[in-house]
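Worksheet for the structure shown next.
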């Protein structure tokens with residue numbers, strides 16, 4: 019039978035900066051007596067800054083350990099005094115379930131167990147020192163390390179084993195000698211660890227394993243653990259150990275979306291070696307891409323999980339990979355991806371860095387490997403130079419980020435974009451996802467966001483890009499002259515505006531006030547500074563609408579103009595039953611209240627025509643149908659009772675003239691610009707002829 023022996027654990031020093039847990043974690047005053055019946059917890063065996071801070075070593079604490087920070091070593095309560103782990107001449111140290119214990123030297127320990135002393139069992143065979151680091155984050159003092167001789171080809175182990183205990187907090191272990199007839203060993207480490215996501219010590223111990231046939235140096239980590247069943251499965255199928263190990267690790271990396279072709283093209287060893295590292299070579303706190311990949315995988319498996327759930331995931335993943343080397347559980351992939359997206363969207367990757375930075379270790383660039391997992395879990399196509407800027411959504415129903423389609427935001431508003439700089443999928447910004455596919459817009463064109471339907475975007479000609487529209491732009495009005503000045507040469511425009519300020523006579527023969535005439539003429543003067551063409555004018559047949567058009571033409575210094583009476587500009591265009599309208603107006607707060615409730619709230623359907631149908635008749639059957647008889651630019655002077663419902667229709671209810679709600683009403687010489695492109699497409703822009711488009 020093959021046998022091997024090993025000497026005591028040698029523990030490495032760790033900077034005191036890692037050990038900042040407070041003066042006493044005993045749960046009692048420093049000089050108090052512990053309850054011997056109280057279950058031992060991790061916080062009973064944590065750290066104190068110095069020997070003076072140790073609690074009383076009495077019968078209740080016999081055999082228990084505290085880590086003394088300034089000594090960087092545990093002390094154990096032995097026969098009434100705190101003894102250093104470095105001076106165990108009359109006691110031995112053992113560990114179980116992640117805790118250190120002092121036992122009498124005379125007591126027999128399990129066969130092959132050597133801790134804290136110079137004892138060696140001499141067995142014929144291979145002789146070598148052995149060292150490494152145990153990481154999930156780093157395992158802490160009290161962790162037990164068990165090494166068992168193993169076969170290359172099979173999962174069989176000899177009954178002989180040797181054990182040691184970590185006496186430092188950085189996970190490092192070292193055996194002076196390993197004597198074995200086989201080069202292959204299996205290593206198991208059981209203990210508490212520093213959580214690489216939260217930065218805190220775990221609440222429960224875990225066990226990680228590794229198998230190596232180069233035992234001089236062997237790290238134990240999450241990658242060595244999840245690949246172990248697959249390695250043993252492959253070797254049982256008569257694949258050589260080295261080849262099986264390389265294949266299993268490639269498959270594990272691929273399960274997390276990590277391209278091993280690219281990864282393995284990078285150097286790892288700093289001693290001139292050019293061979294590719296294996297899991298037992300990797301240190302998750304190195305300054306290289308391998309460390310970053312290992313850190314990312316370890317953090318992704320950890321996520322928000324407690325120790326038991328995390329180990330269930332790790333062990334299930336290992337069993338899943340065992341059969342065909344493929345991770346076949348989409349639910350867990352999606353759950354991890356959702357967690358990553360939550361971190362990334364909230365900018366919390368830096369919190370992980372902050373949590374770990376207190377350990378005094380290097381933190382590699384793990385973020386990009388975590389982001390690379392997102393398309394793997396969600397089934398996105400790879401982000402390449404060919405699809406940069408593409409925006410997509412998660413269509414897996416088990417995801418918290420699921421969307422029925424791109425613009426459906428009932429479940430989630432999160433969308434993803436292929437980033438041109440990093441060639442990785444990332445969460446899209448609000449404007450990126452809302453304007454995806456818009457292309458170039460027209461001047462001052464306003465569109466509703468594709469995902470955030472309560473956000474509106476306006477095309478800015480100066481920057482040739484979309485931006486978030488201001489509230490005034492969305493619900494307000496753009497200056498009449500500005501809209502005209504930015505018309506393209508091949509576009510036509512019809513300005514449908516309310517008349518200027520009127521007198522108290524609201525009948526057909528009521529005039530503009532002097533101020534109303536002056537404002538209309540001033541609008542014409544402003545237009546003259548940019549307009550070098552004649553306009554077409556239409557009015558409703560009321561004197562004040564005719565005067566408005568006339569004053570604009572005079573101010574514009576247009577010599578040849580006619581003002582055409584157009585019956586469809588009557589203020590009663592939307593009225594179906596005049597008697598009911600009159601009756602409702604009396605019952606409400608007047609016409610403004612009545613018309614705004616009809617236009618924006620859909621009330622009084624028995625008194626007014628259907629808003630959409632009647633608006634289309636006006637725009638399509640009356641104006642567009644007769645556009646060829648007009649000039650390139652037309653000004654139509656009408657009434658507020660026509661303009662308000664029309665604004666409600668063309669703006670999708672966004673125009674800020676909901677009198678019944680806000681007390682705002684359409685101002686004089688404000689209305690709608692109807693802009694027609696050469697291909698017949700029409701867009702609408704709320705316009706104002708005065709400083710404001712609304713009045714109270």
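Residue numbers (my numbering): 19 to 714. Quick reminder that beta carbons are idealized off the backbone N, C-alpha and C, glycines included.
Residue i versus residue j - alpha carbon distance
i: residue 450; j: residue 409; result: 8 Å
i: residue 392; j: residue 189; result: 31 Å
i: residue 502; j: residue 651; result: 9 Å
i: residue 689; j: residue 429; result: 38 Å
i: residue 545; j: residue 649; result: 16 Å
i: residue 704; j: residue 665; result: 7 Å
i: residue 222; j: residue 488; result: 54 Å
i: residue 367; j: residue 375; result: 12 Å
i: residue 202; j: residue 236; result: 11 Å
i: residue 520; j: residue 529; result: 6 Å
i: residue 204; j: residue 307; result: 26 Å
i: residue 418; j: residue 395; result: 13 Å
i: residue 508; j: residue 322; result: 60 Å
i: residue 425; j: residue 551; result: 43 Å
i: residue 219; j: residue 161; result: 13 Å
i: residue 229; j: residue 260; result: 11 Å
i: residue 254; j: residue 266; result: 13 Å
i: residue 127; j: residue 206; result: With a pLDDT of 41 at residue 127, under the threshold of 50, the modelled position of that residue is not reliable, and the figure given next carries that caveat. Spanning the two alpha carbons is a distance of roughly 19 Å.
i: residue 165; j: residue 193; result: 10 Å
i: residue 106; j: residue 272; result: 47 Å
i: residue 436; j: residue 456; result: 17 Å
Close beta carbons around residue i, own chain, < 8 Å, minus the five adjacent residues each side
i: residue 294; result: 264, 282 and 286
i: residue 622; result: 598, 599, 602, 612, 615 and 616
i: residue 342; result: none
i: residue 310; result: 382, 383, 384, 386 and 387
Sub-8 Å separation of residue i and residue j beta-carbons
i: residue 567; j: residue 555; result: yes
i: residue 352; j: residue 414; result: yes
i: residue 678; j: residue 611; result: yes
i: residue 195; j: residue 147; result: yes
i: residue 485; j: residue 474; result: no
i: residue 656; j: residue 516; result: yes
i: residue 290; j: residue 209; result: no
i: residue 616; j: residue 583; result: no
i: residue 707; j: residue 541; result: yes
i: residue 215; j: residue 370; result: yes
i: residue 402; j: residue 438; result: no
i: residue 118; j: residue 83; result: yes
i: residue 94; j: residue 81; result: yes
i: residue 595; j: residue 624; result: yes
Where residue i falls, given that 16 or more other Cβ within 10 Å makes a residue buried
i: residue 69; result: exposed
i: residue 136; result: With a pLDDT of only 30 at residue 136, under the threshold of 50, the placement of this residue in the model should not be trusted, and no figure is reported.
i: residue 692; result: buried
i: residue 279; result: exposed
i: residue 674; result: buried
i: residue 180; result: buried
i: residue 329; result: buried
i: residue 676; result: buried
i: residue 471; result: exposed
i: residue 696; result: exposed
i: residue 356; result: buried
i: residue 523; result: exposed
i: residue 638; result: exposed
Proximal residues to residue i (C-beta, below 7 Å), its chain only, five neighbours per side dropped
i: residue 315; result: 240, 241 and 274
i: residue 338; result: 345, 346 and 347
i: residue 104; result: 91
i: residue 312; result: 239, 241, 300 and 302
i: residue 445; result: 359, 362, 363, 432 and 434
Close Cβ partners of residue i (< 6 Å) along its chain, the five nearest in sequence each way excluded
i: residue 108; result: 123
i: residue 589; result: 657, 659 and 660
i: residue 88; result: 68
i: residue 349; result: 416
i: residue 479; result: 461
i: residue 684; result: 516, 658, 661, 662 and 675
i: residue 284; result: 307
Report task. Check whether the stretch 294-304 touches the stretch 148-162, counting contact only when three or more Cβ pairs, one atom from each stretch, lie closer than 8 Å. Result -> yes
**Report entry** Three CB pairs or more closer than 8 Å across the stretch 512-527 and the stretch 461-481
**Finding:** no
Query - the stretch 318-338 touching the stretch 243-250, judged by at least three CB pairs closer than 8 Å - result: yes
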